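> Take a look at the following structure, please.
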Amino acid sequence: MLKFHRRDFLASTAGLALAGRAFAQGAPKKGGTLKVSANANPSSLDPQTGGSGSDHSFLYPIHDTLVDFEPATLKALPGLAESWSNPDPQTLLLNIRAGVTFHDGTPLDAAAVKFNLDRARTDPRSNIKGDLVTVESVEVTGPQQVAIKLKQPDSALLLILSDRAGMMGSPKAMQELGKDYDRKPVGAGPMKFVSWNDNEKVVYARNDKYWKTGQPYLDGLEMQVIPEINTALRAVVANQNDFVYFLSPQQKPLVDRAKSLTAVSGPTLYCVILFLNFARAPLDDVRVRRALNHAIDRESFAKATMAGLSEVATTVLPKAHWAYDPALADFYKYDPDKARALLAEAGHKDGLELHLIGYTDQRQQQRQEVLQEQLRKVGIKLRFSTFNIPEGSAAFFSKAEGNGLLSQWTGRPDPSLTFTLLYGKGSYFNSGRAEASPEITAALAASRASPDIEDRKKAFSVLQRHVLEQALSVPLLFQFELDAHNVKVKGFKPNLLGKPRFDGVWIDG
Amino acid sequence: MLTRNRLRLIRRRLLQIVPVILLATFVVFGLQQLVPGDIAVTLAGDNATDARIAEIRTLYGLDRPFFVQYGSWLWGVLHGDLGKSLLSGEVVLDSILRRFPTSLLIVGCALTLSLAVGIPLGILAATRRGSRIDAFVTGIASLGVALPNFWLAMLLVATFALNWNIFPATGSAPLSAGVGDALRHAALPAFALAAGGIAEVARQLRSSLVEVLSSQYVRTLHAKGLSPAAILWKHGLKNVSVNLLTVIGLVFNRLLGATVVIEAVFAIPGIGSMVVHAAIHKDFPVIQGVVLALVVIVIGINLLIDVLYTVLDPRIGQQ
Amino acid sequence: MSKTLVRIGKWLRRDLRAALSLGFLLLLFALSVSAPIVAPHSPTNQDVNDMLQEPSADHPLGTDDLGRDVLSRLIYGAPATLYASFLAVSVAILLGVPVGLLAGFLGGWVDDAISRVIDTLLSFPAIVLAIAVTGALGVGLTNGMLAVGIVFSPQLARLVRAQTLIVKQELYVDASRVFGASLGRILWKHVVPNAIQPVIVQITLLLAVALLAEASLSFLGLGVQPPQPSWGAMLARAYSYMEIAPEQMYAPGIAILLTALAFNALGESLRVALDPTMKRR
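Chains as they are written, first to last, in numbering that gives the first Met the number 0: chain A, 0 to 508; chain B, 0 to 318; chain C, 0 to 280.
Below you can see the structure in the form of structure tokens.
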């Protein structure tokens, strides 16, 4: 029975969330199948032709990446490429690990890596050409060595290779299967692909020849697609599944109450944000944009919509990220009086109406309602046109309808991608397609110029400060990842990307 | 069994299916085209750029004129190829064949329940017309029709799945996994759907039975000394069977439509959730495929019922 | 006019069911127009410190997930609900009645073609068609109800057509024709008065169905948009909080049920009252 007093709900979700309990779990045991409640059907199991941020959890088991990343901070780590170097600013040399084979036995050598990267850059069906736009050519310089020649220095490339572009697939399978490869992928990851029933289940089995010795511990993995989050949790409560991710904060008390479950939580890049079209009136006036940033009580918003399981956002990077600058934390304090003053200064003394685009699902409607009420108090009337997610996004990003879009930014492996995609001139996610300012354009370039991480941090500080001064958008909060799993599941670590990976997971009991 | 008349009826109906199918799929295709924009944006996804979206449109032929797209789809259908989902590449026919049994199981259970409970209730009310039992049954019927089925579903889940853990709250299990498990999963959705079905069946049966039982013919039988039971079974029910058949057809069609919302509540991977998902994402091969399947099934059921009419009442169909 | 009122009064005194349902609907209508006066709080006023509270003196039905007063939202949701039903049925009437009249009266290939279209539309499960139409027209209460109205117009058309066919066969229509009366005049003087009674009954029943359809669409997120309250949307929100605050489900659900029940009961009573043959029972 899962009934309890609602005061428990409000009490238990106040305050900070707990980090994952990864300690004292005992020695890993081999065997068992992990059954996961997943939140969406993958758009494609070929990393190069898919487009959805929710695909990654389906892709990681099959495809290992050239570059790996540290879960908590997203710093680059060796992956299929065991080391790398920059002999000159426009060359990236990758040393590919020896002895790795794809699931179909094809060796993973420099030729295979070149094939993958060329395909990502040139295949008509490749969705990730934009990620590799700075690549001039890819050359094989040794049986296990690849040289990537760049048109200009691009330090973002390393972390780009920890994402889709770095997911390596078997050239033989790609050539043989053609378009069918979308549904029958062959990678070099811990799990082999078995089957995919649309909107139902994706099934994986252990890769006995995985290059990390001793792993994977699991015999198999099943990802069951359950888009409705309450239903997904119920499946785990009822022991039909072992793991569910990306729960809403309102569900945490339910997890705490269930004796057989453990809650795991951690910060992510997932930013609830109000996108603005800053190229068009009235939002082309920076004072109005700053007024918006001051008018919102982010703490209240977080309390109402995230029950405390979130981090208030000022900029589009969370505190845990390596490129975050703590000096910018209080750039926009909640100050309705200042907001009203700024609006009056901009000529909107008697208030302002904004037409915003939003989505139709319940959680989004809840957020819209909170914002409407908050902004009403400073004289800004928010009129929402709601659509389902694909249409709403297309309306704002493609057709430039509305003054803004209340949505989320799921983050990118490299922060310079985030800033370029959000604020760069001509970028798809920049609704007005306009240049924000010459300083920002220069700062964007600078953030990708040097491979040294300290240099990059400084460059990002400068960039973030410019973006905040221009108030190009209104970041609201960072949603925490909230997962729940059966107590017998061990070894799971959440990552800052918010896209769960199941390597190193075992089942005990 | 298959008399010449019946064959003629079947043939006539099959010919009528064709224009209906064409019209239905054409209208649905047209509706989708009414809204500017298409699935290209979704397919581009996180990595969207204006250039990539245009590229995708060309790649998938989404920039071809309306009639060309519809024509090419129709051509495929004539060869038994319903195309592939634009979103995920799964063959549409496979998706439909896989998901239909799930919805069908629930609708089937709901229909069985509707008949199993509705018919006795209807008979009870009709034979005790004007009594308190009649009022009770009529009251229940009114309630069943006015009840929002997704609300009932929520109440059932809260009570039976969460509070008492008797039935699972989510999902479905295929018959191949075991009849018991499949029925357990289908139970709550079927109950939620059946409320309206029971009400409809009971109400219709009652009113048509009342009409027959108070007819001149039956009163004559009564006067002749036949027992009420005999009258009911031999004459009453036989005469309302035609009406009952109509009701069954109606209820089945309504249940088929109502599963859409129910599948949302229970996260059931059936045909309803499939078409809603496809409609949201403008995955038109899937939408067209499901519409086609639904039209074929509904018309098929109607045809079956028409044929059964002639079995029950040979006078029908002899025109 | 006063004669009709007297007859209505007599009918209401005789039929308790009709009186109760009509009374309930009138009460609902009164609440709808006087919502700002009657509701204890604003339906949109949020209070994050007061979320999901149990019923209290200040909030007789408690508060919802954003700290808003449930009773006030219920009252403010009434006009949207009633408007939705009437809009959908109006669309159904505007589309269905003329089409049915045309098909029935003209007969021949016109009737065949129209019947074919009606059959097509009826072969769709209603809610699927409504979803498809809102997908095409866009989300929102008006569009949703347009969709529902379009979906239900075939039923009405079919009924009107059947009634027209019946009347057409009556001898006196032929007699009128012989005397040179025009088509319009015949339709107005003979077809409509005879057809109207079953149509009125059907319309009342359709109001209930439209209400449930609006609730379903709002539940799926396709109907009424925030911040306007709607009973269906309140149910959808309650669904997310089902384990935490299950009683959020009751108030809007019961409201929908009672209103649909009232429409249905009124329809049934009208059917009995207006059908001369059934008066004997």
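Every residue, glycine too, gets a C-beta built ideally from N, C-alpha and C. Everything numeric in this text was worked out from a predicted model, so none of it was measured.
A/Asp67 by DSSP, collapsed to three states: which one?
The residue labelled residue 67 of chain A in the question sits at position 68 within the first sequence. Three-state result, A/Asp67: strand.
> Counting pairs of beta carbons, one from the segment 254 to 273 of chain B and one from the segment 199 to 207 of chain B, are three or more of them closer than 8 Å?
Result no; under three Cβ-Cβ pairs closer than 8 Å.
> Excluding five sequence neighbours on each side, which residues of the same chain lie with their C-beta closer than 8 Å to the C-beta of C/Thr62?
As a working mapping, residue 62 of chain C is identified with position 63 in the third sequence. Excluding sequence neighbours, C/Thr62 sits near Asp46, Asp49, Met50, Leu51, Gln52, Asp68, Val69.
> Have a look at the DSSP bridge pairing and note the partners of A/Val488.
Translated into positions along the first sequence, residue 488 of chain A becomes position 489. Looking at the DSSP assignment, A/Val488 forms a beta bridge with A/Ile506.
> What first and last residue would you give for the alpha helix (DSSP H) that runs through A/Lys171?
Counted from its first residue, the first sequence places residue 171 of chain A at position 172. That run of the alpha helix (DSSP H) goes 170 to 176.
> Tell me, please, which residues DSSP counts as bridged to A/Thr385.
Position 386 of the first sequence, counted from the first residue, corresponds to residue 385 of chain A. Its beta-bridge partners are A/Gly357.
> Of all the CB atoms in chain C, is at least one closer than 9 Å to the CB of B/Asn252?
Within the second sequence, the letter at position 253 stands for residue 252 of chain B. Yes, because at least one Cβ of chain C sits closer than 9 Å to the Cβ of B/Asn252.
> Report the neighbours of B/Ile279 on chain A: residues whose CB is nearer than 7 Å to its CB, in chain order.
Mapped onto the second sequence, residue 279 of chain B falls at position 280. Residues of chain A passing the Cβ test: Asn387, Pro389.
> Looking at A/Pro252: is its Cβ nearer than 9 Å to the Cβ of C/Ile92?
As a position in the first sequence, residue 252 of chain A is number 253, starting the count at 1. As a position in the third sequence, residue 92 of chain C is number 93, starting the count at 1. For A/Pro252 and C/Ile92, no; Cβs fall outside 9 Å.
> Does the Cβ-Cβ distance between A/His62 and A/Ala187 come in under 9 Å?
As a position in the first sequence, residue 62 of chain A is number 63, starting the count at 1. As a position in the first sequence, residue 187 of chain A is number 188, starting the count at 1. Yes, Cβ-Cβ distance for A/His62 and A/Ala187 is below 9 Å.
> Under 8 Å Cβ to Cβ from B/Leu244, same chain only, skipping five residues before and after it: list those, please.
Working through the second sequence from its first residue, we reach residue 244 of chain B at position 245. If we look at B/Leu244 and ignore the five residues flanking it on each side, its Cβ neighbours are Ile304, Leu307, Tyr308, Leu311.
> Which word fits C/Phe28, buried or exposed, when buried means at least 16 other C-beta atoms lie within 10 angstroms of its C-beta?
In the third sequence, the residue the question calls residue 28 of chain C occupies position 29. The residue is exposed, with fewer than 16 neighbouring Cβ atoms inside 10 Å.
> Excluding the 5 residues flanking A/Arg296 on each side, which residues of the same chain have their C-beta closer than 7 Å to its C-beta?
Position 297 of the first sequence, counted from the first residue, corresponds to residue 296 of chain A. According to the sequence shown, residue 296 of chain A is Asp rather than Arg. Result list for A/Asp296: Tyr333, Gln373, in chain order.
> Alpha carbon to alpha carbon, how far is A/Thr409 from A/Leu131?
The sequence position of residue 409 of chain A within the first sequence is 410, counting from 1. The sequence position of residue 131 of chain A within the first sequence is 132, counting from 1. C-alpha separation (whole angstroms): 20 Å.
> Quick one: is A/Leu353 buried, meaning 16 or more other Cβ sit within 10 Å of its Cβ, or exposed?
Sequence index remark: in the first sequence, residue 353 of chain A carries index 354 (1-based). Taking every protein chain shown into account, the CB of A/Leu353 has 16 or more other CB atoms within 10 angstroms, so this residue is buried.
> Can you name the residues of chain C whose CB is closer than 8 Å to the CB of B/Ser141?
In the second sequence, residue 141 of chain B corresponds to position 142, counting from 1. What B/Ser141 touches in chain C: Leu260, Asn263, Ala264, Glu267.
> Using 9 Å as the threshold, is the C-beta distance between A/Leu220 and A/Phe501 below it?
Within the first sequence, numbered from 1, the residue matching residue 220 of chain A stands at position 221. Within the first sequence, numbered from 1, the residue matching residue 501 of chain A stands at position 502. Yes, Cβ-Cβ distance for A/Leu220 and A/Phe501 is below 9 Å.
> What's the call for B/Pro147, buried or exposed, on a 16-neighbour Cβ count within 10 Å?
Your numbering for residue 147 of chain B matches position 148 in the second sequence. Buried, since its Cβ has 16 or more Cβ neighbours within 10 Å.
> Which residues mark the beginning and the end of the beta strand (DSSP E) in which A/Phe192 is found?
On the first sequence, residue 192 of chain A is found 193 positions in, with the first residue counted as 1. Unbroken beta strand (DSSP E) run through A/Phe192: 190 to 196.
> Which residues in the same chain have their Cβ closer than 7 Å to the Cβ of A/Ile388, if we skip the five residues on either side of it in sequence?
By 1-based counting over the first sequence, the position of residue 388 of chain A is 389. Tyr358, listed in sequence order.
> Is the beta carbon of A/Lys241 less than 9 Å from the beta carbon of A/Lys28?
By one-based count along the first sequence, residue 241 of chain A stands at place 242. By one-based count along the first sequence, residue 28 of chain A stands at place 29. Strictly speaking, residue 241 of chain A in this sequence is Asp, with Lys absent from that position. Contact: no.
> I'd like to know whether the C-beta atoms of A/Phe477 and A/Ser309 end up nearer to each other than 9 Å.
For the purposes of this step, residue 477 of chain A is taken as residue 478 along the first sequence, with counting starting at 1. For the purposes of this step, residue 309 of chain A is taken as residue 310 along the first sequence, with counting starting at 1. Contact flag set, yes.
> Beta-carbon within less than 7 Å of B/Met273's beta-carbon, same chain only, minus the 5 sequence neighbours each way: which residues are those?
By one-based count along the second sequence, residue 273 of chain B stands at place 274. The answer, listed in chain order, is Ser94, Arg98, Val285, Val289.
> Name the chain A residues that come within less than 8 Å of B/Val40, Cβ to Cβ?
Against the second sequence, residue 40 of chain B aligns to sequence position 41. Under the 8 Å cutoff, chain A gives Pro389, Ser392, Ala393, Phe396, Ser397.
> Whole angstroms are fine: how far does the CA of C/Val127 sit from the CA of A/Pro592?
In this structure chain A extends from 0 to 508, so residue 592 of chain A is not present and cannot be described.
> Determine, using beta carbons only, whether A/Trp195 and A/Arg96 come nearer to each other than 9 Å.
Locating residue 195 of chain A in the first sequence gives position 196, counting from the first residue. Locating residue 96 of chain A in the first sequence gives position 97, counting from the first residue. Not in contact: A/Trp195 and A/Arg96 (Cβ atoms no closer than 9 Å).
> Within 10 Å of its beta-carbon, does C/His58 have 16 or more other beta-carbons around it, so buried, or fewer, so exposed?
Walking along the third sequence from the start, residue 58 of chain C turns up at place 59. With a 10 Å radius around the Cβ and a threshold of 16 neighbouring Cβ atoms, C/His58 comes out buried.
> On the DSSP bridge list, what partners appear for A/Asn94?
Within the first sequence, numbered from 1, the residue matching residue 94 of chain A stands at position 95. Paired residues: A/Ser82, A/Gln144.
> Exposed or buried, which one is C/Val109 when buried takes at least 16 other CB atoms within 10 Å?
Numbered from its first residue, the third sequence carries residue 109 of chain C at position 110. Under this definition C/Val109 is an exposed residue.
> Is A/Asp482 helix, strand or coil by DSSP?
If you number the first sequence from 1, residue 482 of chain A lands on position 483. Correct three-state label for A/Asp482: strand.
> Mind checking the segment 119 to 130 of chain A against chain B and listing, in chain order, the residues whose C-beta falls within less than 8 Å of any C-beta there?
Pro123, Arg124, Asn126, Ile127, Lys128, Gly129, Asp130
> Report yes if the C-beta of B/Gln15 is less than 8 Å from at least one heavy atom of the ligand PLP; otherwise report no.
This structure simply doesn't include the ligand PLP, nor any ligand for that matter.
> Go through its chain and collect everything with a Cβ distance to C/Gly99's Cβ below 6 Å, but skip five positions before and after it.
Reading the third sequence from its first residue, position 100 is the one you call residue 99 of chain C. Taken in chain order, the residues that qualify are Ala156, Val159, Arg160.
> Taking C-beta to C-beta, are C/Pro251 and C/Gly76 nearer than 9 Å?
In the third sequence, counting from the first residue as 1, residue 251 of chain C sits at position 252. In the third sequence, counting from the first residue as 1, residue 76 of chain C sits at position 77. Cβ atoms of C/Pro251 and C/Gly76: closer than 9 Å.
> Between C/Val223, C/Arg236, C/Asn263, C/Val132, which has its C-alpha nearest C/Ile202's C-alpha?
Position 203 of the third sequence, counted from the first residue, corresponds to residue 202 of chain C. Considering only alpha carbons, the answer is C/Asn263.
> In terms of residue numbering, what span does the beta strand (DSSP E) encompassing A/Gln518 cover?
Residue 518 of chain A lies beyond the stretch modelled for chain A, which goes from 0 to 508, so this question has no answer here.
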